[in-house]
Each structure stands twice: as structure tokens, then as C-alpha cells.
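Heads up, the thing below is written out as C-alpha cells.
In my numbering, the protein residues as written are 4 to 174.
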């Protein structure tokens with residue numbers, strides 16, 4: 004059976020409600036914290052390391068919630084939201100792979116911000132390159148990612164780590 008290799012906004016909303024990968028498994032956050040409108044490509048192969056990749060997008064409009072509060076008179080998307088989007092996508096990859104459990108961000112290596120997202124932007128593109136997937140007692144993915152706005156790379160993150168846990172009671 005061939006896995007779905009792209010996902011619409013409605014697919015991602017189903018994932019946020021726990022309907023895509025099943026109860027107790029990986030979910031994306033619901034709006035407003037859902038930082039992705041669509042996944043245009045997902046694969047277990049390819050990417051910089053040949054172990055999988057995702058490409059996803061977020062449409063930017065001046066009325067997005069964070070522009071009104073970050074910062075008043077100087078609106079800019081918080082960089083932490085772009086970082087969170089990359090973690091969201093790594094967790095989605097684990098669910099898409101069929102690994103059971105709830106996703107949790109576990110950290111990252113070096114993160115660099117060298118640009119910004121303003122209300123005048125049109126589209127963010129996320130690129131995730133899977134470096135390693137651990138399957139066993141701990142199910143976890145390690146990836147590198149980048150965020151581009153209107154085709155210009157503005158953030159990078161190395162060593163993004165996300166795990167899926169069948170119990171988060173003692174997390």
C-alpha cells in the first residue's frame with residue numbers, strides 16, 4: 004500500500020482532532036497553534052540524508068493572530084512559532100510512519116534566526132530533512148529543518164528531536 008504523500012488543510016485539521024492517526028497517536032495542534040496549512044510532500048526517502056523529508060507551507064495574511072500582539076506597532080511573527088512548526092512536522096512524520104503514541108518535542112541543537120516574517124509576506128515554506136528514526140523502546144526522529152519566507156531562507160535548526168510516547172503521565 005502506498006502512503007499518502009501530501010496533505011491538505013482539512014487533512015491537517017483532522018490530524019489536530021486525533022482522526023488521522025487514531026486515538027492516542029500523533030496529533031498536530033489545533034488552530035491557532037497549527038502553523039502549517041498543507042504538506043506538499045512527505046517521503047521516507049530523500050532529503051539531505053536519504054532518510055525522509057517533508058515540505059510544508061503556511062499562507063501569511065496580515066490578520067494572523069500573532070501580528071496583533073508581537074509587537075504592537077512593529078508586527079513580526081515570533082521566531083519560536085517557526086521552530087514549533089518544524090517540531091510539529093517531525094512529529095507528524097512519526098505518526099505518518101505508523102509509530103504509536105503522542106508526540107512531544109524533545110529539543111534541538113543549534114537554531115539560527117537571520118530573517119523575519121512580516122504581515123506583507125505571502126508564504127512560509129518549511130523543509131524538514133530526517134536524519135534518523137529510532138524505533139524501539141523509544142520512538143524518536145531527529146531532523147534538520149529550515150524556514151523560508153517568500154523563497155528566502157530565514158531560520159535553520161539542526162538536531163530537531165521529537166518522540167512519540169504511549170504514556171505521557173510521567174513526562
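All C-beta atoms, glycine included, are put in the ideal place defined by N, C-alpha and C.
Contact check, residue i vs residue j under 8 Å by CB: the rounded distance?
i, j, result
"residue 95", "residue 29", "6 Å"
"residue 51", "residue 147", "7 Å"
"residue 43", "residue 60", "6 Å"
"residue 143", "residue 166", "4 Å"
Along the chain, where does the beta strand (DSSP E) containing residue i start, and where does it finish?
i, result
"residue 62", "56-62"
"residue 161", "155-168"
"residue 173", "Premise fails: residue 173 is in no beta strand (DSSP E) and is neither H nor E."
"residue 152", "142-152"
Need the endpoints of the alpha helix (DSSP H) that residue i sits in, please.
i, result
"residue 13", "12-19"
Take residue i as the anchor and find which of the options has the nearest alpha-carbon.
i, options, result
"residue 124", "34, 26, 64, 60", "64"
"residue 102", "16, 24, 39, 69", "24"
"residue 118", "42, 151, 98", "151"
"residue 153", "62, 40, 88, 47", "62"
"residue 49", "171, 137, 70, 8", "8"
"residue 12", "27, 5, 32, 26", "32"
"residue 1", "88, 22, 21", "The question about residue 1 has no answer here: the residues shown for the chain are numbered 4 through 174."
"residue 136", "71, 22, 100", "100"
"residue 138", "75, 5, 104, 71", "104"
"residue 69", "15, 14, 120, 6", "120"
"residue 19", "113, 38, 145", "38"
"residue 109", "145, 83, 75, 10", "145"
Would you tell me roughly how many angstroms separate the C-alpha atoms of residue i and residue j, rounded to the nearest one?
i, j, result
"residue 36", "residue 91", "10 Å"
"residue 115", "residue 132", "16 Å"
"residue 169", "residue 156", "35 Å"
"residue 107", "residue 86", "14 Å"
"residue 164", "residue 77", "32 Å"
"residue 127", "residue 81", "13 Å"
"residue 134", "residue 79", "31 Å"
"residue 98", "residue 129", "18 Å"
"residue 122", "residue 140", "44 Å"
"residue 3", "residue 67", "Given that the chain is displayed from residue 4 to residue 174, the structure contains no residue 3 and the question cannot be resolved."
"residue 46", "residue 58", "9 Å"
"residue 17", "residue 26", "12 Å"
"residue 173", "residue 111", "21 Å"
"residue 41", "residue 21", "17 Å"
"residue 93", "residue 34", "18 Å"
"residue 175", "residue 15", "Shown here, the chain extends from 4 to 174; a query on residue 175 therefore has no answer."
Please find out if some non-hydrogen atom of the ligand MN comes closer than 7 Å to the beta-carbon of residue i.
i, result
"residue 16", "As presented, the structure is devoid of all ligands, the ligand MN included, so that no description of it is given."
Task: beta strand (DSSP E) runs contained entirely in the segment 71-140, provided each spans 3 or more residues - done: 105-110, 114-116, 126-137
Task: Ranges of the beta strand (DSSP E) found wholly within the segment 18-54, counting only runs of at least 3 - done: Taken in chain order, the unbroken stretches of beta strand (DSSP E) that lie wholly in the segment 18-54 and span 3 residues or more are 41-46.
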